[in-house]
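The sequence shown maps to residues -23 to -1, 1 to 234 in mature numbering (1 follows the signal peptide of the UniProt record, and there is no 0).
Heads up, the beta-carbon is just placed ideally off N, CA and C, and yes, glycines get one too.
As structure tokens, the structure follows; a few thoughts come after it.
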Amino acid sequence: MGGSGTAPLAFWGLLLGMLVVFASEGLGMEEPPEHFLYQAKGECHFFNGTQQVRLIDRHFFDRQELFCFDSDRGKVVAVAEMMESDVKRWNQDKVFLRNWMAVVDICRYYYGIYEPFSQARRVQPKVKITPTDKVESSPHNTLLICTVGSFFPAGIEIKWFRNGKEEPKVWSTDLIRNGNWTFHIEVMLETTPERGDVYTCQVEHASFEGPITVQWEPQSDSARSKMWTGIVGIVLGLVFGATGLALYLKNKKGLIS
Ligand SMILES: *[C@@H]1O[C@H](CO)[C@@H](O)[C@H](O)[C@H]1NC(C)=O
Ligand SMILES: *[C@@H]1O[C@H](CO)[C@@H](O)[C@H](O)[C@H]1NC(C)=O
């Protein structure tokens, strides 16, 4: 593939040198100014991978765009009025146009280089639910925040469900760029949780086979006290167990010696 890329690349370089001369002629100057900036920007537009590729090769003298080559039209297009006569002349040269057309292969070449880490890049989001009781409008309400962090590409669909039924009134932060080729977003639901409710945050993203879900259930006071009872029970059990074991070992040692 590298071989097919180098020939048009060489053509491009040659062209650049040629066009600088053309461009300054076109500007009607005796000679180019001492300091000027010549820019060429090759835009590659891909439709469905490399199935259909459009090259728009833009040329600028200082900051003014003078002309571009558009592979869809197969010819050079004058952007600045003063380029019209030059462009007309170039467009009569079929070999010149055919060579420029071959630059489309550079686009295909670069697609192959960039595709693995841009087009094919997938980073799975980390999803978690955080409940907060600090809701100003109503003290009985809870704000459930579904945090979806570190994903790529940007396209994502996030929904809130309460007992299997979608909640339509949710709000969301803007899509945040982490600056390391990942995105971050939070979708919030304000609700009055009741005992036995099940809240679900559902995320659909290109990195998953299908939608994934994370659930949250309000903990009633009795559930909370049961949990503490359990924890205290385990701690007491461990303390007594350890004491018993120590005594047992001590006795055993006493018997042997
Ligand atoms: C995209 O390209 C694939 C083959 O690479 C083809 O099967 C598919 O039909 C194309 N889709 C569209 C929308 O043109
Ligand atoms: C990107 O940045 C975010 C936020 O700083 C961080 O949580 C995440 O782990 C980073 N991901 C990668 C792939 O570097």
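How long is the line joining the alpha carbons of residue i and residue j, rounded to whole angstroms?
i	j	result
residue 12	residue 37	14 Å
residue 91	residue 85	10 Å
residue 234	residue 216	With a pLDDT of 47 at residue 234, under the threshold of 50, the predicted position of this residue should be treated as unreliable, though the coordinate-derived value follows. Roughly 27 Å separates the two Cα atoms.
residue 144	residue 42	51 Å
residue 40	residue 57	12 Å
residue 33	residue 8	28 Å
residue 142	residue 54	56 Å
residue 94	residue 48	26 Å
residue 152	residue 161	6 Å
residue 140	residue 110	20 Å
residue 114	residue 154	30 Å
residue 71	residue 77	10 Å
residue 44	residue 192	57 Å
residue 17	residue 66	20 Å
residue 136	residue 182	12 Å
residue -17	residue 14	Legend: pLDDT at residue -17 = 49, less than 50; position of this residue unreliable, no value from coordinates given.
residue 220	residue 228	12 Å
residue 124	residue 225	51 Å
residue 26	residue 89	10 Å
residue 148	residue 122	10 Å
Shorter than 8 Å, the distance from the beta carbon of residue i to the closest heavy atom of ligand 1, or not?
i	result
residue 157	no
residue 26	yes
Under the assumption that residue i contacts residue j (Cβ atoms under 8 Å), give the Cβ distance between them as a whole number of angstroms.
i	j	result
residue 165	residue 120	6 Å
residue 31	residue 22	4 Å
residue 99	residue 184	4 Å
residue 172	residue 195	7 Å
residue 177	residue 118	18 Å between Cβ atoms; not a contact.
residue 104	residue 133	Rounded, the Cβ-Cβ distance is 10 Å, inconsistent with contact.
residue 101	residue 128	7 Å
State the DSSP-derived secondary structure class of residue i, mapped to helix, strand or coil.
i	result
residue 74	helix
residue 217	helix
residue 19	strand
residue 222	helix
residue 103	strand
residue 229	helix
residue 112	coil
Does the beta-carbon of residue i, which I'm using as the reference point, lie nearer than 8 Å to any heavy atom of ligand 2?
i	result
residue 100	yes
residue 95	no
residue 182	no
residue 89	no
residue 126	yes
residue 161	yes
For ligand 3, any of its heavy atoms closer than 8 Å to the Cβ of residue i?
i	result
residue 134	In the structure shown, ligand 3 is absent; the only ligands present are ligand 1 and ligand 2.
At 3 residues or longer, what runs of the beta strand (DSSP E) sit wholly inside the region 142 to 188?
The qualifying runs are 160 to 168 and 176 to 182.
Entirely enclosed beta strand (DSSP E) segments - the region 20 to 94, minimum 3 residues: Considered as a whole, the region 20 to 94 harbours 29 to 38, 41 to 47 and 52 to 55 as its complete beta strand (DSSP E) runs of no fewer than 3 residues, in chain order.
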